[in-house]
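> First to last, the protein sequences are chains V and H.
With numbering that gives the first Met the number 0, letter number 76 in the first sequence gets 75, and the count goes up by one each step, no holes.
With numbering that gives the first Met the number 0, letter number 171 in the second sequence gets 170, and the count goes up by one each step, no holes.
Virtual Cβ for every residue (Gly too), placed ideally from N, Cα, C.
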Amino acid sequence: MKIFERFLHIDRRIIFVLIFIGVALPLIWTLGFNLEVTENVQSVYDLLEGLEPGTRILISFDYGPSTKPEIQPMAIALMEQAFTNRIRIIAIALWPMGVQMCNEAFEKVSAEYPNIEYGIDFINLGYKVGGMVTINHMAKDFRSTFPTDAGGNPVDEFPIMKGIKNFDKLGCVISLSAGDPGLKQWVMIAHDTFGKPVCGGTTAVQAPIMLAYVNEQQQLVGLLGGLKGAAEYELLVNKPGFATKGMDAQSVAHIIIIIFILIGNIGYFATRKQDIMKA
Amino acid sequence: MRRQIPMLITFFVGTLIIVSEFIPHKPFGTLSTSLEGWFLIISGFAIILGQLSLFKVNIIKISRKAPNWPYYIIALVSFSIMVICGILWGTQKQPGLIPISDKMLNFFGYKPFDYIFKYMFENLSATMFSLLAFFMASASYRAFRARSPESTLLLVAAVLVMLGRTTIGSSLTGWIPESLSFLHLPNIASFIMKYPNTAGQRAILMCAGLGVIGSSLRIILGIERSYLGGK
Chain V
0 MKIFERFLHI DRRIIFVLIF IGVALPLIWT LGFNLEVTEN VQSVYDLLEG LEPGTRILIS
60 FDYGPSTKPE IQPMAIALME QAFTNRIRII AIALWPMGVQ MCNEAFEKVS AEYPNIEYGI
120 DFINLGYKVG GMVTINHMAK DFRSTFPTDA GGNPVDEFPI MKGIKNFDKL GCVISLSAGD
180 PGLKQWVMIA HDTFGKPVCG GTTAVQAPIM LAYVNEQQQL VGLLGGLKGA AEYELLVNKP
240 GFATKGMDAQ SVAHIIIIIF ILIGNIGYFA TRKQDIMKA
Chain H
0 MRRQIPMLIT FFVGTLIIVS EFIPHKPFGT LSTSLEGWFL IISGFAIILG QLSLFKVNII
60 KISRKAPNWP YYIIALVSFS IMVICGILWG TQKQPGLIPI SDKMLNFFGY KPFDYIFKYM
120 FENLSATMFS LLAFFMASAS YRAFRARSPE STLLLVAAVL VMLGRTTIGS SLTGWIPESL
180 SFLHLPNIAS FIMKYPNTAG QRAILMCAGL GVIGSSLRII LGIERSYLGG K
């Protein structure tokens, strides 16, 4: 029964190769499995749909290139929904490279919406160091925290910033977050202290932690968790993109992992039975 | 005095911030806002300090030929190239010291800083993060064994969540009628994440919150002094 012993000690390079193939092939040839929209994702969508045209929302880009594959599709889908509904976006970044992430998302989306104008429908205020303190300071004095946009132009020049002194005139706050500072800090300050509706998107790894804030008090109105959350949002805004394609790759990778877990357990029980019989 | 004065400042500022949360009137409200402004300015300088520290640490390791010292050269060269490109030609939104020529812009399609960021840094960062998938696959195969009732429960929950978080999971149970939608794998995964997972996470968060309060009080009262440096 050496085969069962082999089940217990599969060379990890075999696992690596199969995961590589399992991820690469669905990215080339889409499998197109069905996707169901979960409650937390629907809540984010409904929140934005419920806003009046012209409402200003704040999107915080709290992630960098390492988590771009998971979070950037969320940013693109959220921007598409906002621009379709004529909702205006004030973007900031609590992560240094969030500025570039924001620019890239805006470049991609604005190409499809020629009527969208920088400074009227969208503004990128850039990066500010300080995390939670920055959020707290913004809530008390927005303009002294962000006196200029990412290009160094005074924010008073832009119509989108008219009357924005704190969070009062914002429809909601969305944080696309890959860690600290991020969504947790926005919940603690923007919602818990100043009562603004907060929702957001995180990496799949972070989602279980943030789910604790999706509760009766609506500390978080909704949550997009990982690539699946992004794919569900793409489905809701009817713009299948990278996340939808990536879900096939993720699905196959998960199936391969489950198969290996099963193989490991078959080997474990078979060898244990032999050991008991020998004893 | 080198330790007592910073400790007194910490006590004074810490107490002031706590008091200002309970008294939203002048001068407390404006004082805490001013202190937050100071924090943001100091944090900006901390970035410069961090960059200088990075340079110093790397140069020391290279000069001493520490293990894997050639990698530190690569780190320093990469860092310098990004800084020089950023200062000379600026970034997408920020102008640099010298205007970028049309020839260079046509060749790269972007300013040099943005070109390196988009086509090198982004891909390298995403690759590093993606490598986790391979190690997680290998670790799952070795760790998820039904050795005890607890580990079996963990194994079953993990498999259900993994399936529920995939499109294959949706397809596998998509045929189940709507009246039995609670049996859909995505809904089972959501249930596990929403109730058992959240209950555990909340307990952790509450304990962490109490821990933060405790350690903050220790710092304000001068019991915890490690932030002052030394022993």
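By DSSP, does arginine 144 of chain H sit in helix, in strand, or in coil?
coil
> In the DSSP assignment, what are the bridge partners of tyrosine 117 of chain V?
V:Phe121
> Counting contacts by CB-CB distance shorter than 8 angstroms, is leucine 204 of chain H in contact with chain V?
yes
> Are the Cβ atoms of aspartate 61 of chain V and leucine 175 of chain V separated by less than 8 angstroms?
Between aspartate 61 of chain V and leucine 175 of chain V, the gap from beta carbon to beta carbon is short of 8 angstroms.
> Examine chain V for any beta-carbon lying closer than 8 angstroms to the beta-carbon of glycine 221 of chain H, and answer yes or no.
Closer than 8 angstroms to the CB of glycine 221 of chain H there is not a single CB belonging to chain V.
> According to DSSP, is arginine 87 of chain V part of a helix, a strand, or is it coil?
strand
> Out of curiosity, what's the CA-to-CA distance linking glutamine 216 of chain V and glycine 228 of chain V?
Each residue's alpha carbon lies about 22 angstroms from the other.
> Compute the distance between the beta-carbons of glycine 150 of chain V and arginine 55 of chain V, then report whether it is under 8 angstroms.
no
> Please name the residues in the stretch 37 to 70 of chain H whose beta-carbon is closer than 8 angstroms to at least one beta-carbon of chain V, in chain order.
Phe38, Leu39, Ser42, Gly43, Ala45, Ile46
> Going by C-alpha to C-alpha distance, which of V:Gly224, V:Pro180, V:Leu219, V:Ser109 sits closest to isoleucine 279 of chain V?
Residue 279 of chain V lies beyond the range of chain V shown here (0 to 278); nothing can be said about it.
> Start and end of the alpha helix (DSSP H) containing serine 33 of chain H?
27 to 62
> Between the alpha carbons of tryptophan 88 of chain H and isoleucine 70 of chain V, how many angstroms are there, rounded?
When rounded, the distance between both Cα atoms is 29 angstroms.
> For proline 185 of chain H, is the classification buried or exposed, using 16 other Cβ atoms within 10 angstroms of its Cβ as the cut-off for buried?
buried
> Looking at the strands, I want to know which residues DSSP matches up with arginine 164 of chain H.
Looking at the DSSP assignment, arginine 164 of chain H forms no beta bridge with any residue, so it has no partner.
> Within a Cβ cutoff of 7 angstroms, which residues of the same chain sit near proline 5 of chain H, ignoring the five residues on either side of it in sequence?
Leu227
> I need the boundaries of the alpha helix (DSSP H) containing threonine 37 of chain V, first residue and last residue.
From DSSP, threonine 37 of chain V is part of no alpha helix (DSSP H); its letter is neither H nor E.
> Of all Cβ atoms in chain H, is any one closer than 8 angstroms to the Cβ of tyrosine 267 of chain V?
yes
> Since phenylalanine 38 of chain H and valine 132 of chain V are thought to touch, with beta carbons under 8 angstroms apart, how far apart are those beta carbons, to the nearest angstrom?
5 angstroms
> Hey, glycine 301 of chain V and leucine 46 of chain V: beta-carbon distance below 8 angstroms or not?
Past the boundaries of the shown model lies residue 301 of chain V; chain V is included only from 0 to 278, so the question cannot be answered.
> What residue range does the alpha helix (DSSP H) around leucine 182 of chain V cover?
For leucine 182 of chain V, the enclosing alpha helix (DSSP H) starts and ends at 182 to 185.
> Given 8 angstroms as the limit, is there contact between the stretch 93 to 102 of chain H and the stretch 120 to 139 of chain H, that is, 3 or more CB pairs closer than that?
Proximity of the stretch 93 to 102 of chain H to the stretch 120 to 139 of chain H falls short of the contact definition, fewer than three beta-carbon pairs being nearer than 8 angstroms.
> With DSSP run on the structure shown, which of helix, strand or coil describes aspartate 274 of chain V?
DSSP places aspartate 274 of chain V in helix when its eight states are reduced to three.
> Would you say methionine 73 of chain V lies against chain H (beta-carbon separation less than 8 angstroms)?
no
> Would you mind reading off the limits of the beta strand (DSSP E) that contains aspartate 61 of chain V?
55 to 61
> Would you please state the rounded distance, in angstroms, between the beta carbons of phenylalanine 105 of chain V and asparagine 84 of chain V? I believe it to be under 8 angstroms.
Their Cβ separation, rounded to whole angstroms, is 16 angstroms, which puts phenylalanine 105 of chain V and asparagine 84 of chain V out of contact at 8 angstroms.
> Roughly how many whole angstroms lie between the Cα atoms of valine 251 of chain V and leucine 34 of chain V?
14 angstroms
> To the nearest angstrom, how far is the alpha carbon of isoleucine 91 of chain V from that of glutamine 249 of chain V?
30 angstroms
> Which ranges would you report for the alpha helix (DSSP H) in the stretch 169 to 228 of chain V if only whole runs of at least 4 residues count?
182 to 185, 206 to 209
> Less than 8 angstroms between the CB atoms is what I'm expecting for alanine 81 of chain V and isoleucine 88 of chain V, so what's the real figure, rounded?
The distance from the Cβ of alanine 81 of chain V to that of isoleucine 88 of chain V is about 6 angstroms, consistent with a contact at the 8 angstroms cut-off.
> If you draw a straight line from the alpha carbon of isoleucine 41 of chain H to that of glutamate 156 of chain V, how long is it in whole angstroms?
28 angstroms
> Report all residues from its chain with a CB closer than 7 angstroms to the CB of glycine 225 of chain V; omit the five preceding and five following residues, and keep chain order.
Glu69, Thr202, Ala203, Ala206
> Give the interface partners of glycine 173 of chain H over in chain V, defined as CB-CB distance under 8 angstroms, in chain order.
Asn33, Glu35
> Please list the partners that alanine 252 of chain V has in chain H, where partner means a Cβ-to-Cβ separation under 8 angstroms.
Ala132, Ala136
> Pop quiz: threonine 32 of chain H and histidine 136 of chain V are said to be a contact at Cβ under 8 angstroms. What is the actual Cβ separation, rounded to whole angstroms?
7 angstroms
> At what residues does the alpha helix (DSSP H) containing threonine 29 of chain V begin and finish?
From DSSP, threonine 29 of chain V is part of no alpha helix (DSSP H); its letter is neither H nor E.
> Measure the alpha-carbon distance for phenylalanine 19 of chain V versus alanine 125 of chain H and round it to whole angstroms.
15 angstroms
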